[in-house]
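**Q** Pasting a structure below so you can have a look.
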Amino acid sequence: MKLRTLALLTAALLPALAQAAPAQASKQQCLGYLKDGFQIVIHVSACEPASAQDERYKNAFNAAQQQFEQANCESLLNEAEVRTFLDSQTAGKSQQQYCAAIKTPVQRSLQRYNSGRR
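Here the sequence shown stands for residues -20 to -1, 1 to 98, where the numbers follow mature numbering (1 follows the signal peptide of the UniProt record, and there is no 0).
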């Protein structure tokens, strides 16, 4: 195929490609959204209950949930996978240990989701 023909074909197809639905997320990305939301909920409910009144936590959780939904993660993960994954997050840790372990990741999630990234 000549370069000119290829260029014309590409130009004709670009608008259709640009309007195509975004690519489905990987399982790993979906588990990341799930983990972020889970850690925020645990942080607010068990680690620092006073933070429940902070809008940043609500906004970050809602943004993580929205990313999960927009990425069509429900179709990638079944309930058993979700339960196994969430159980593995806290397995073998006391509440105090888990709260200490998620403190920094939760702060990163707050920054990431409240700044519109991800």
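Virtual Cβ for every residue (Gly too), placed ideally from N, Cα, C. Quick caveat: nothing in here was measured; it's all calculated off a predicted structure.
Within 10 Å of its beta-carbon, does Gln76 have 16 or more other beta-carbons around it, so buried, or fewer, so exposed?
**A** Per the 10 Å Cβ criterion, exposed.
**Q** State whether the region 16 to 26 contacts the region 49 to 63, with contact taken as three or more CB pairs (one from each stretch) at a distance under 8 Å.
**A** With a cut-off of 8 Å, the region 49 to 63 and the region 16 to 26 do not count as touching, because too few Cβ pairs lie within range.
**Q** Taking only three categories from DSSP, how would you classify Ser55?
**A** The answer is helix: DSSP assigns Ser55 an H, G or I state.
**Q** Nearest by alpha-carbon distance to Ser89: which of Lys38, Asp67, Glu61 and Val62 is it?
**A** Out of Lys38, Asp67, Glu61 and Val62, Lys38 has the C-alpha closest to the C-alpha of Ser89.
**Q** Please classify Gln8: does DSSP put it in a helix, a strand, or coil?
**A** Of the three classes helix, strand and coil, the one that applies to Gln8 here is helix, per DSSP.
**Q** Quick check on Tyr93: buried or exposed, where buried means 16 or more other Cβ atoms within 10 Å of its Cβ?
**A** Buried, by the Cβ-count rule.
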